[in-house]
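Letter 75 of the sequence shown, counting from 1, is numbered 75 in the UniProt record's numbering, and no numbers are missing. All residues carry an ideal CB built from backbone N, CA and C; glycine is no exception. Note that the structure is a prediction, hence the values are computed from the model and not measured.
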Amino acid sequence: MEQLEELDRQLKINRELHRHLLSILSATGGKRLREVIRRMMTELITNEVAKKTNWTGQGGKTSFSALALRALVEKAVRRNSSTAGCSNAEVKAEVGYFLKGASDRDGGRQARRQPAQPQPEVAAEQ
């Protein structure tokens, strides 16, 4: 999370970094908004960071909407020819969907589906 906060600080003060990341993200391919957002977000943050982030910051998580990355993603979406007409509300919904699904990625869903391992019983002292 510290790296995310540092990136956010740098984006606010370093216009060259902002332009560079915007260029990279704008080149992200995809035909649908969900696909474009998924690709952009996986370039920007790890799944571990995504698990600790949501749109509003509720539940002690980091608020994506308050980060400079939000505006960067919105600009990059508008530069993509297939998603140029998307609204901020649509971007918000797809980023939220991406962040909400973080706990299911990287084996998280499969781990939750595994039956709980029975705990060995401790012999009663006599």
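According to DSSP, residues forming a beta bridge with residue i
| i | result |
| --- | --- |
| N54 | S63 |
Whole-angstrom C-beta distance between residue j and residue i, which should lie under 8 Å
| i | j | result |
| --- | --- | --- |
| W55 | K12 | Not really, about 19 Å apart at Cβ, beyond 8 Å. |
| L99 | A50 | 5 Å |
| R39 | T28 | 5 Å |
| L33 | E90 | 6 Å |
Residue i - containing alpha helix (DSSP H), residue span
| i | result |
| --- | --- |
| residue 174 | The chain is shown only over 1 to 126; residue 174 falls outside these bounds and no answer can be derived. |
| T42 | 33-44 |
| N88 | 88-100 |
| R79 | 68-79 |
Cutoff 7 Å; reference residue i; Cβ partners in own chain excluding five residues on either side
| i | result |
| --- | --- |
| S26 | A76, R79, N80 |
| G57 | S63, A66 |
Beta-carbon proximity list for residue i, same chain, < 6 Å, skipping 5 on both sides
| i | result |
| --- | --- |
| L4 | V49 |
| Q10 | L17 |
| S82 | K31 |
| A102 | N47, A50, K51 |
Sequence-distant residues of its chain with Cβ nearer than 8 Å to residue i (five each side left out)
| i | result |
| --- | --- |
| C86 | L33, V77, R78 |
### Query
So does the segment 29-46 actually touch the segment 67-77, counting three or more Cβ pairs closer than 8 Å?
yes
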